[in-house]
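Before any comments, here is the structure.
Number of protein chains: 2
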Amino acid sequence: MLEIVKRDGLARLCKFETRSGVLRTPALLPVVNPKILLVTPKELHNEFGFGAIITNSYIIKNDTNLKNRAQTEGLHKMLDFPGIIMTDSGTFQSHMYGEVKATNDEMIEFQKSIGTDIGTVLDIFTEPYWTRGEVAESISETLERTQHACDIKGDMMINGVVQGSIYSDLREDCARKMATMNVDVHPIGGTVPLMEQYRYAELVDIIIASKKGLAAGRPVHLFGAGHPMLLAFATLLGCDLFDSASYAKFARDDRFMFTDGTFRLSDMQFLDCNCPACRGNTLESIKRMDKKSRENVIARHNLYQITSELALIRRCIEEERLWELAEIRCRAHPSLLDGLRRLKFYRDYLECKEPISRDRAVFYTGGESRARPTFYRYTKRLLERYVPSFQRAAVFTGNKKPYSKHYTSDFNRVRTAGYTPIIVSPFGPVPAELDEIYPIAQSLFPDIVDQETNEDVKQMMDSFFERMKFEEVVDENEIKAGNVEYDANQIRVRATARYQFGIEATNALFRGKIDLVLSRKTGKVRNVISDGEHILSMRANDGFYTLRPEGAERIIELVPYPKFRVVVVDDAVPYILQGRNAFCQFVADMDPDIRPMEEVIVVDKDDNFVATGRAILTWDEIRSFRRGVAVKIRSGGSEV
Amino acid sequence: MLEIVKRDGLARLCKFETRSGVLRTPALLPVVNPKILLVTPKELHNEFGFGAIITNSYIIKNDTNLKNRAQTEGLHKMLDFPGIIMTDSGTFQSHMYGEVKATNDEMIEFQKSIGTDIGTVLDIFTEPYWTRGEVAESISETLERTQHACDIKGDMMINGVVQGSIYSDLREDCARKMATMNVDVHPIGGTVPLMEQYRYAELVDIIIASKKGLAAGRPVHLFGAGHPMLLAFATLLGCDLFDSASYAKFARDDRFMFTDGTFRLSDMQFLDCNCPACRGNTLESIKRMDKKSRENVIARHNLYQITSELALIRRCIEEERLWELAEIRCRAHPSLLDGLRRLKFYRDYLECKEPISRDRAVFYTGGESRARPTFYRYTKRLLERYVPSFQRAAVFTGNKKPYSKHYTSDFNRVRTAGYTPIIVSPFGPVPAELDEIYPIAQSLFPDIVDQETNEDVKQMMDSFFERMKFEEVVDENEIKAGNVEYDANQIRVRATARYQFGIEATNALFRGKIDLVLSRKTGKVRNVISDGEHILSMRANDGFYTLRPEGAERIIELVPYPKFRVVVVDDAVPYILQGRNAFCQFVADMDPDIRPMEEVIVVDKDDNFVATGRAILTWDEIRSFRRGVAVKIRSGGSEV
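Top line first, the protein sequences correspond to chains A and B.
To convert, count from 1 in the first sequence and add 394; that's the working numbering.
To convert, count from 1 in the second sequence and add 394; that's the working numbering.
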């Protein structure tokens, strides 16, 4: 059972409940070789804080002694591990050695018999060099085996592995079918050769294709991924679980893992590590150790690199800056950067999970940052939802933010002459009245602009001017003088509403006389009063509205169902009226276009107003989760 | 006394000798407030490994008790610090509070009286908002005071601070005058307000301007720079010393320093640090501490971040990958990225210090990587030194490296038809015969190319084709068939010689019959024999030549002095003939165009051949250093 605690990008911090305890994801499961306990499972748990490990049931089954012990003592006792144990089934051995001597049935039953918490189907490893036909055929077999495993799994959880080699459509199709089965965890399999060959762009294709098909309510495990260099990026793409044999394998070869790569002890010129394993050591002292001690120190170093990177990843999700971390990590190797650059092909999918705003500003880390879905959404909404305030446009190129604060008198001059001030920004065109919304005001760019950004911005400006059909577009210094009267705040409140709710809902919201309540301290709009009713409040931090009950009622009245609605079951209504949050299991239907953190209207099954709030999850997620907050309720119409 | 041990970019690993011991640079000097010893100087030395600290002589002088103790016990005993102590003079106080109540004379004498190892002139802090006139005037005063300080410094070392506000020419001029004075360390001053305001592009201007003027043989101290986020970049730009009061200041405000920024304890959602200070703590346990313990833990954390970043920087210099580290670190803040992007304005200066090759491949971290001087040098040398092997060109767009290995049959086809194969690469045009030289073969790029690179490459291709005056330029698939005979290795050996030594020297080297000795194992060229003399050997790792004595003699004969020459004094000749390296103090003159790691010819004062070798330092450096290896000698003509 999975519950989302926090999200950023496609990443999520979750609680994953198993019979051996709750695992906080993202999490990495160190691979434990039952024959060689380089670092003991107990140490992995107590010293390093790993809540779960993975070991290989096929190896145990083929060793008489281990098999007997596992079946009599149980796996947890045999390995002396107090947390969650996942087992692999021999599939990777089939990839390595061509075949395994066991059936799916035998492997599932064996895993049950030794008390595995999460067992794995004996699926078929789809190699990157296989033909499409071979892949399709083997997926059918994997799906059959998975269905059978679900039938006989008993109270063991089961890994239903997504296969499909490098064929995105086959991956997505396989994932979609896995999502309908009673599996508990979704590993993405067959990816190790791609990672070994640094084919990260294809790895991105595979992960996204799988994510599209899979059920949101189950953890996704990227099988075989355990390098600290990759973890932030894979988490950003929505992977929750990882495993690593490399901490030990690399240690055997005297290789240190870092977030910027793997380095041989013999090549390293200096030891720059403060981890508990390295502390007090020098390269020389490590070189002088006997093989076993050296292997142990390096394995521990590698594990500490993993735990501290995972902690940083969790922190970045909590602080909503995982995009920044992942983009920086991807620069450790040009092939990882290829993976990052591949994301621009998936902007539509990424935009669906992109929150409406964040507490933290967008930090640009390089040209690749402009592929973030927040840029794409802005352009899309602007083109679809913006209505010019004046029929002529005056173009500004200043870059001090927020623009309306730094260019107040210029904007006045231009508007008085009957022009809409449009600022050229790395987001493309920014009408002055939208300059305070996220991410326009909440973003930082270098002053020295790269050519790609310049070109893109030019194109965006062109599309915008074409679409908006301005009578005239001139530089701010070339305007003809005029004497138009206007109210900048009135322009802003409508433009913001259109950007946030669309044109139709804005027409429903704004009627009759519009009065604005300004903040005494900042002079900024706080409340929008229409025909005497307080319909909207403006948030200072992201420039967007919170919807008031009076506003919500107007939308329900004039905008057809299901726009902006979240329908809750009757039983939940009294609780929500008391201000309790709406939980996933009580949501019956929902506008599928709602994005995370978007303002929503909670209604009952007859479309009667119940409350306003902010969506935490999207409809495909809410349908898939059995617990967790779906909508944060704004009790009695007061502000969150 | 300074000695370079290793270099990369403008960065250098040095040994800096003082009367209180040798400091390994790059080094950071923690600022010790003599009134509040948050972390004791002894701990800074023994626990954290800081070899030097900085404290403020003006504060000591103004506190009767401290003043008396410092003058009677001496500063080292008073602070109980067994390493090197630098003192500041009150200049920063004048920036903070407008004036100081002391004269330069008093401050120098006082610093001497308390046993400071490195004292500081009471220079004038040039503020970023000052007019050019004000700045110029205050520089004159600073220079006068510095000259006076040099006159009276005794056996105390002295900091001669480069000032000049944001005026690059005034900075460079000030630096040039400082270089002529008898100062020991060159701080770059007046930079704190720029760092506080994130004006990193201007900081780059200032550092480069100062570096241009300063003497290479003295350490450069970037005053007030101590954030781990900035250290790699500032080191890359040639700063050797840093200081940090922020480790303590930030700790006082409950702020944690990391390489990706500074974070408030109250904003942090997770503690992701394995440093000895944080280990065993959680955010909650730190929040529960009393103010003093908390401040101590955070200050220690901040210091550990600095020490481990410095260790990583040293490691990256040793491993010749500081460009990669600095580029990644600069992505922590868009303003730092502005600093990085500023570098393309200084490519000529940077190219002078750029080594001919490295042991490690160029890793592309983003569009900014293409501003590295290694790209610039390639384009420059190609345009100036390349001579087409065939008068028509056939363009290839494949990207598997080394090209000549992957496209052997295609290159054959094209050459047989009488065309020069030219590959389109992120370096611009690469003639097939140059595909194994550094950095063409020794570089990794993403496959997905950004638009800026595309545009640049297109322009470079155009300039190249224009310059080379090919009769025809076509796609490799559009060539007319032909039946030309050629020897690919003969083409390669001449093209490589022209690229490495220029056209004139190549004409001197290649005469009569050219025989090539190939490696039996790889089939690659190993030795070039001209008229029966072994003139050149080709290195497998970077595709360049080592010069043999016979080759060197030909260059001496036909290429006018001082090209490729390093002149050593007569006394040194016998040692060099025995294969000993040429040290700075024995070099009398040198070709100023020689780059680090370039092949050179050591001659005596009459231009007689003595030895061949590789330059470690450039002429401006050799002139300025009194010790260290200038040229690594290849004894008796055998390979290094």
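All C-beta atoms in this analysis are idealised placements derived from N, C-alpha and C, irrespective of residue type, glycine included.
All values derive from a computational prediction rather than experimental measurement.
Can you list the residues of chain A that residue 668/B reaches, using a CB-CB cut of under 8 Å?
Position 274 of the second sequence, counted from the start, is the residue given in the question as residue 668/B. Simply 668, 669, 670, 698, 701 and 702.
Please classify residue 746/B: does DSSP put it in a helix, a strand, or coil?
In the second sequence, residue 746/B corresponds to position 352, counting from 1. Residue state, collapsed to three classes: helix.
Would you say the region 752-765 of chain A touches the region 860-871 of chain B, given that touching needs at least three Cβ pairs under 8 Å?
Touching, no, given that fewer than three Cβ pairs across the two stretches are closer than 8 Å.
Name, in chain order, the residues that DSSP records as bridge partners for residue 447/A.
As a working note, residue 447/A is residue 53 in the first sequence. DSSP lists 479/A as partners of residue 447/A.
Out of curiosity, what's the CA-to-CA distance linking residue 504/B and residue 494/B?
Position 110 of the second sequence, counted from the start, is the residue given in the question as residue 504/B. Position 100 of the second sequence, counted from the start, is the residue given in the question as residue 494/B. Answer to the nearest angstrom: the Cα atoms are 15 Å apart.
Helix, strand or coil: which one does DSSP assign to residue 397/B?
For this step, residue 397/B is matched to residue 3 along the second sequence. Strand at residue 397/B.
Tell me, which residues are paired with residue 906/A by DSSP?
Along the first sequence, one-based indexing puts residue 906/A at 512. DSSP lists no partner for residue 906/A.
Distance check for residue 547/B and residue 555/B, CA to CA, integer angstroms please.
Counting from one through the second sequence, the residue named residue 555/B turns up at place 161. Counting from one through the second sequence, the residue named residue 547/B turns up at place 153. Spanning the two alpha carbons is a distance of roughly 15 Å.
Please list the partners that residue 662/A has in chain B, where partner means a Cβ-to-Cβ separation under 8 Å.
Walking along the first sequence from the start, residue 662/A turns up at place 268. The answer, in chain order, is 709 and 713.
Pick from 982/B, 955/B and 454/B: whose alpha carbon is nearest that of residue 963/B?
On the second sequence, residue 963/B is found 569 positions in, with the first residue counted as 1. Ranking the options by Cα distance to residue 963/B, first place goes to 982/B.
So residue 691/B is in the alpha helix (DSSP H); what residue range does that whole segment cover?
Residue mapping note: residue 691/B aligns to position 297 of the second sequence, counting from 1. 685-712 is the span of the alpha helix (DSSP H), which, as asked, contains residue 691/B.
So that I know if they touch, is there some Cβ in chain B lying closer than 8 Å to that of residue 758/A?
Numbered from 1 along the first sequence, position 364 holds the residue referred to as residue 758/A. Yes, contact with chain B.
So if I threshold CB-CB distances at 8 Å, which residues from the region 727-756 of chain A count as touching chain B?
Answer set for the region 727-756 of chain A: 727, 728, 729, 731, 732, 735 and 736.
Considering only residues of the same chain and omitting the five flanking positions on each side of residue 944/B, which have a CB-CB separation below 7 Å?
Residue 944/B sits at position 550 when you count from the first residue of the second sequence. Answer for residue 944/B: 927, 928 and 929, listed in chain order.
Do residue 580/A and residue 589/A have their C-beta atoms closer together than 8 Å?
Along the first sequence, read from residue 1 onward, the residue named residue 580/A stands at position 186. Along the first sequence, read from residue 1 onward, the residue named residue 589/A stands at position 195. No, the pair does not count as a contact, with Cβ atoms beyond the cut-off.
Quick check on residue 838/B - is its C-beta less than 8 Å from some C-beta in chain A?
In the second sequence, residue 838/B corresponds to position 444, counting from 1. Yes - at least one Cβ of chain A is within 8 Å of the one on residue 838/B.
Per DSSP, residue 415/B forms a beta bridge with which residues?
Stepping through the second sequence from its first residue, residue 415/B is reached at position 21. Beta-bridge pairing links residue 415/B to 412/B.
Which residues does DSSP list as the beta-bridge partners of residue 984/B?
Position 590 of the second sequence, counting from 1, holds the residue named residue 984/B. Note: residue 984/B sits in a beta bridge opposite 960/B.
From the DSSP output, read off the bridge partner residues of residue 616/B.
Sequence index remark: in the second sequence, residue 616/B carries index 222 (1-based). The partner list for residue 616/B (beta bridge, DSSP) reads 582/B and 636/B.
Any heavy atom of the ligand HEM closer than 7 Å to the beta-carbon of residue 460/A?
Of the ligands one can find in the structure shown there are none, so the ligand HEM has no counterpart to examine.
Residue range of the beta strand (DSSP E) that residue 512/B falls in?
Here residue 512/B refers to the residue found at position 118 of the second sequence. Element bounds for residue 512/B: 512-514.
Quick one: which chain B residues come within Cβ less than 7 Å of residue 659/A?
Translated into the one-based positions of the first sequence, residue 659/A becomes position 265. The contacting residues do not exist; residue 659/A stays about 13 Å from chain B at best.
Which residues, taken in chain order from the region 622-651 of chain B, show a beta carbon closer than 9 Å to some beta carbon of chain A?
Those residues of the region 622-651 of chain B that come within reach of chain A (Cβ to Cβ, closer than 9 Å) do not exist; the list is empty.
Taking the alpha carbon of residue 851/A as the point to measure from, which residue in 884/A, 441/A, 882/A and 816/A has its own alpha carbon closest?
Stepping through the first sequence from its first residue, residue 851/A is reached at position 457. Ranking 884/A, 441/A, 882/A and 816/A by Cα distance to residue 851/A puts 816/A first.
State buried or exposed for residue 647/A, treating a residue as buried only when at least 16 other CB atoms are found within 10 Å of its CB.
Walking along the first sequence from the start, residue 647/A turns up at place 253. So residue 647/A counts as exposed.
In the DSSP assignment, find the unbroken alpha helix (DSSP H) run with residue 546/A in it and report its ends.
Residue 546/A sits at position 152 when you count from the first residue of the first sequence. Counting along the chain, the alpha helix (DSSP H) containing residue 546/A begins and ends at 526-546.
Given a limit of 7 Å on CB to CB distance, which residues of the region 837-869 of chain B reach chain A?
Flagged, chain order: 838, 839, 840, 841, 842, 844, 845, 846 and 849.
Taking the C-alpha atoms as reference points, what is the distance between residue 904/A and residue 881/A?
By one-based count along the first sequence, residue 904/A stands at place 510. By one-based count along the first sequence, residue 881/A stands at place 487. Cα to Cα, residue 904/A sits roughly 16 Å from residue 881/A.
Quick check: what's the CA-CA separation for residue 672/A versus residue 999/B?
Position 278 of the first sequence, counted from the start, is the residue given in the question as residue 672/A. Position 605 of the second sequence, counted from the start, is the residue given in the question as residue 999/B. Between residue 672/A and residue 999/B, the C-alpha separation is close to 52 Å.
Contact between the region 484-494 of chain B and the region 458-474 of chain B is defined here as three or more beta-carbon pairs at a separation below 8 Å; is this criterion met?
No: fewer than three Cβ pairs fall under 8 Å.
Nearest to residue 1101/B by CA position, among 408/B, 552/B, 440/B and 447/B, is which residue?
This structure gives no information on residue 1101/B, because the portion of chain B shown stretches from 395 to 1034.
So, does the CB of residue 705/A fall closer than 8 Å to a CB anywhere in chain B?
Here residue 705/A corresponds to residue number 311 of the first sequence, with the count starting at 1. Yes, residue 705/A lies at the interface with chain B (some Cβ there is under 8 Å from its Cβ).
Residues of chain A with CB under 8 Å from residue 596/B, in chain order?
Counted from its first residue, the second sequence places residue 596/B at position 202. Going along chain A, no residue has its Cβ under 8 Å from residue 596/B, so there is no contact; the nearest lies around 10 Å.
Take every Cβ of the region 450-464 of chain A, pair it with every Cβ of the region 500-517 of chain A, and state whether three or more of those distances are shorter than 8 Å.
Touching, yes, given that three or more Cβ pairs across the two stretches are closer than 8 Å.
Residue 809/A and residue 790/A: beta carbons closer than 8 Å?
Within the first sequence, residue 809/A is the residue found at index 415, counting from 1. Within the first sequence, residue 790/A is the residue found at index 396, counting from 1. No, the Cβ-Cβ distance between residue 809/A and residue 790/A is not below 8 Å.
Distance, Cα to Cα, residue 922/B vs residue 797/B?
As a working note, residue 922/B is residue 528 in the second sequence. As a working note, residue 797/B is residue 403 in the second sequence. Straight-line Cα distance between these residues: approximately 22 Å.
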